[in-house]
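Report on the structure given below.
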Amino acid sequence: MVFECPAYEEARLDAIEEPEWGHNEEGSEAGEPAVDLLGGRFVLDGKVVPLPVRREDPLGVKVESLRMYLDDALGTDVFMKVYRRLESLTVDDDEAEVSREFLSLLGAERLPYLALIHQLIVCEEQWEAGGVRPRSG
């Protein structure tokens with residue numbers, strides 16, 4: 014089943030109708046794999062994250078698998094601190110201060126995980142809001 018979400022189309026994320034699982038195809042103009050959040054294809058540092066899921070698995074399974082991946086990669090404490098801070102960001106937050114917080118929590122070598130955690134949060138929000146529906150036709 015393929016999912017459609019208007020919020021992602023508006024955000025101009027590179028979407029793939031039928032992602033190739035287990036491969037690292039080039040899907041964007043920049044030559045990097047395309048993100049297909051609702052299809053459960055997440056990208057870290059230009060590479061598809063190898064999750065133990067199948068294309069036909071429900072999105073909830075893929076999201077939980079990504080949560081476990083992040084928990085293993087970062088440790089529960091760091092993962093949850095970054096996750097909660099990302100969720101709580103507002104337009105009033107000082108960009109430089111927030112950047113320092115994330116750098117302090119993750120360190121320079123793990124800073125790319127910030128984008129992956131953001132992918133998780135956006136996907137969860139859309140799923141929970143009911144913004145995901147089967148694509149017709």
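Take the position in the sequence shown, starting the count at 1, then add 13; the result is the number in the working numbering.
From the three backbone atoms N, C-alpha and C, an ideal C-beta is built for every residue, glycine too.
As the structure is a prediction and not an experimental result, all values here were calculated from the model.
With DSSP as the reference, label residue 48 as helix, strand or coil. Taken through DSSP and simplified to helix, strand or coil, residue 48 comes out as coil.
Identity of the residue in 110, 86, 141 and 106 nearest residue 126 by Cα: It is 86.
Residues near residue 29 in its chain [Cβ-Cβ closer than 8 Å; skip 5 each side]: Residue confidence is low: residue 29 scores 29 on pLDDT, short of 50, so the model does not pin down where it sits. Its coordinate-derived value is still stated next. Hits under 8 Å: 40, 47, 49, 52 and 54.
Bounding residues of the alpha helix (DSSP H) (the contiguous stretch that carries residue 55): Counting along the chain, residue 55 falls outside any alpha helix (DSSP H), and DSSP gives it neither H nor E.
Buried or exposed for residue 130, please, with buried defined as at least 16 other CB atoms from any protein chain shown within 10 angstroms of its CB. buried
Helix, strand or coil at residue 62 according to DSSP, with G and I counted as helix: coil
What did DSSP end up calling residue 120 once you bin it into helix, strand or coil? Coil at residue 120, not helix or strand.
Looking at the structure shown, is residue 88 part of a helix, part of a strand, or coil, going by DSSP? coil
For residue 114 and residue 63, what's the separation of their Cα atoms in angstroms? 28 Å
Exposed or buried, which one is residue 124 when buried takes at least 16 other CB atoms within 10 Å? exposed
Round the Cβ separation of residue 118 and residue 83 to the nearest angstrom and send it over; I've been treating them as touching at under 8 Å. The Cβ separation is near 13 Å, so there is no contact.
Find out if the Cβ-Cβ distance for the pair residue 13, residue 73 is shorter than 8 Å. Residue numbering for the chain in the displayed model covers 14 to 150; residue 13 lies beyond these limits and cannot be assessed.
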